[in-house]
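Take a look at the structure below.
Chains as they are written, first to last, in UniProt numbering: chain A, 1 to 220; chain B, 1 to 255.
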């Protein structure tokens with residue numbers, strides 16, 4: 001069988017792919033920062049001395065991190081309404097991705113937190129800082145520097161997870177690509193272009209994270 | 001006049017191990033007291049109780065008549081609220097064996113953090129205070145350097161400037177030269193000596209016997225969680241009264 005490449009049909013629908021990519025980015029831009037906040041709070045729970053904080057944080061990470069994200073996406077969209085929580089497609093997906101990334105990032109942040117020497121906290125206490133001031137001025141900035149390299153790849157991974165929104169018909173990049181695929185039958189071309197858009201976006205994201213890493217690097 | 005520091009019957013346990021078994025100590029304004037003793041004798045622990053880096057189970061510590069860390073209401077001893085403890089910690093300054101400078105802040109940033117966050121100074125005021133104290137420890141030219149760009153001795157001098165800039169009533173030094181290369185010890189001791197000459201009240205846990213001898217108005221020898229002997233440095237080092245101290249001095253280098 002011979003298949004001759006013809007991108008014309010895909011280029012005609014390229015706007016649609018770009019719109020899809022814009023929505024993918026939109027989903028990520030809302031969900032991942034929310035996930036960072038959830039992850040940060042959970043990470044402090046995970047390293048807390050208090051069992052009352054440690055146990056729920058651990059349970060959250062265990063349950064969410066060990067469930068496939070597709071299952072979570074389907075659960076929030078199809079099962080939650082049965083439980084009386086009715087959300088739109090986009091809201092439901094953003095919420096799911098935020099909760100999912102929270103569990104992943106909590107583990108990343110926990111690793112960064114335990115790598116901060118206890119002497120840093122003690123030095124903060126000794127000059128009269130409160131625990132909260134120590135967290136915001138010392139512990140979190142040092143933790144972030146510890147985790148930046150792995151944070152970059154987690155971010156990329158989470159961005160790519162936006163493609164699972166296609167499963168509940170959120171018109172992001174993968175969903176639009178599938179539509180074009182079905183309408184034009186240009187199977188290979190459509191998925192090559194869609195892949196290229198993902199690769200380009202992720203490369204940009206990686207470059208951005210490396211720039212942040214360089215900017216925050218501690219001079220020595 | 002109330003004593004600057006008043007420690008009464010201080011008891012501290014780690015689990016079932018009692019590391020401080022009833023320590024009493026008073027200190028007047030302007031005194032420089034060195035605490036010596038073998039490792040495990042409780043000298044560092046005692047220092048860390050004074051600024052509540054360690055909890056203690058019995059006894060009281062007061063600074064300027066103000067009870068530190070705990071209050072007894074209706075016969076029940078309770079830890080004071082964290083905000084109050086943070087405020088009380090600022091009565092003292094501490095320099096650590098491992099310096100513990102904040103690696104992501106410049107020398108100026110390290111000194112300014114407490115001034116801005118605790119003393120609520122503006123950044124300009126704080127910068128001026130940081131300049132003054134970094135100058136005093138001989139590091140004005142390194143003000144914008146980061147800890148990773150400084151030698152151990154320089155880092156420790158910044159750490160001392162960071163503590164002293166908060167204008168504490170009492171400075172606590174916890175084996176501040178133990179982590180330093182021998183050739184860097186002296187620059188740090190010179191800084192401490194200059195502070196002593198200025199009348200700063202200081203408690204110095206140290207293994208530098210010669211320094212303790214020269215700088216202290218009084219020396220405390222800790223032995224197995226208690227004060228084994230105390231007195232002026234001349235008597236302590238030249239005519240120890242207890243066998244324990246005599247033995248300890250024999251095993252320490254006096255140089």
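Don't be surprised by glycine CBs; every beta carbon is placed ideally from N, CA and C.
Give a yes or no on whether the C-beta atoms belonging to residue i and residue j are separated by under 7 angstroms.
i: residue 182(B); j: residue 218(A); result: no
i: residue 180(B); j: residue 153(B); result: yes
i: residue 94(B); j: residue 163(B); result: yes
i: residue 21(B); j: residue 225(B); result: yes
i: residue 112(B); j: residue 128(B); result: no
i: residue 162(A); j: residue 28(A); result: yes
i: residue 151(B); j: residue 32(B); result: no
i: residue 220(B); j: residue 23(B); result: no
i: residue 204(A); j: residue 20(A); result: no
i: residue 51(B); j: residue 123(A); result: no
i: residue 200(B); j: residue 171(B); result: yes
i: residue 52(A); j: residue 145(A); result: no
i: residue 309(A); j: residue 196(A); result: Residue 309(A) lies beyond the residue range present for chain A, which begins at 1 and ends at 220; the question has no answer from this structure.
i: residue 223(B); j: residue 58(B); result: no
i: residue 147(A); j: residue 10(A); result: no
i: residue 87(A); j: residue 116(A); result: no
i: residue 158(B); j: residue 245(B); result: no
i: residue 107(B); j: residue 142(B); result: yes
i: residue 91(B); j: residue 61(B); result: no
If we cut at 7 angstroms on Cβ distances, does residue i have a partner in chain B?
i: residue 122(A); result: yes
i: residue 138(A); result: yes
i: residue 130(A); result: yes
i: residue 19(A); result: no
i: residue 119(A); result: yes
i: residue 115(A); result: no
i: residue 156(A); result: no
i: residue 147(A); result: no
i: residue 215(A); result: no
i: residue 170(A); result: no
i: residue 135(A); result: no
i: residue 126(A); result: yes
i: residue 218(A); result: yes
Taking only beta-carbon atoms, is residue i less than 7 angstroms away from chain A?
i: residue 127(B); result: no
i: residue 148(B); result: yes
i: residue 98(B); result: yes
i: residue 207(B); result: no
i: residue 89(B); result: yes
i: residue 248(B); result: no
i: residue 32(B); result: no
i: residue 153(B); result: no
i: residue 102(B); result: yes
i: residue 51(B); result: yes
i: residue 132(B); result: no
i: residue 166(B); result: yes
i: residue 117(B); result: yes
i: residue 280(B); result: Nothing can be reported for residue 280(B), as the shown portion of chain B is limited to 1 through 255.
i: residue 108(B); result: no
From this set, the options, which residue's C-alpha is nearest residue i's C-alpha?
i: residue 28(B); options: 212(B), 203(B) and 221(B); result: 203(B)
i: residue 175(B); options: 116(B), 192(B) and 249(B); result: 192(B)
i: residue 5(A); options: 184(A), 216(A) and 204(A); result: 184(A)
i: residue 185(B); options: 132(B), 172(B) and 207(B); result: 207(B)
i: residue 85(B); options: 131(A), 110(A) and 204(A); result: 131(A)
i: residue 42(B); options: 52(B), 13(B), 33(B) and 110(B); result: 13(B)
i: residue 212(B); options: 223(B), 198(B) and 235(B); result: 235(B)
i: residue 89(A); options: 213(A), 164(A) and 206(A); result: 164(A)
i: residue 19(B); options: 8(B), 35(B), 40(B) and 30(B); result: 40(B)
i: residue 109(B); options: 169(B), 134(B) and 233(B); result: 134(B)
i: residue 199(A); options: 211(A), 159(A) and 212(A); result: 159(A)
CB-CB under 6 angstroms to residue i, same chain, minus the five flanking residues each way: which ones, in chain order?
i: residue 175(A); result: 166
i: residue 181(A); result: 187 and 190
i: residue 26(B); result: 3 and 6
i: residue 214(B); result: none
i: residue 187(B); result: 153
i: residue 96(A); result: 72, 73 and 76
i: residue 55(A); result: none
Leaving out the 5 sequence neighbours to the left and right, which residues in its chain are closer than 8 angstroms to residue i when beta-carbon positions are compared?
i: residue 237(A); result: Look at the range of chain A in this structure, 1 to 220, and you will see that residue 237(A) is not part of it.
i: residue 148(B); result: 103
i: residue 137(A); result: 124 and 129
What are the residues that DSSP puts in a beta bridge with residue i?
i: residue 119(B); result: Per DSSP, none; premise fails for residue 119(B).
i: residue 174(B); result: 205(B)
i: residue 66(B); result: 63(B)
i: residue 256(B); result: Since the first and last residues shown for chain B are 1 and 255, residue 256(B) lies out of range.
i: residue 51(B); result: DSSP lists no partner for residue 51(B).
i: residue 95(B); result: 173(B)
i: residue 5(B); result: 27(B) and 63(B)
Ignore the nearest five residues each way along the sequence and tell me which others in residue i's own chain have a CB closer than 7 angstroms to its CB.
i: residue 98(A); result: 31, 34, 35 and 38
i: residue 93(A); result: 27, 73, 165, 168 and 170
So that I know if they touch, is there some Cβ in chain C lying closer than 7 angstroms to that of residue i?
i: residue 141(A); result: Protein chains in the displayed structure are A and B, and chain C is not among them.
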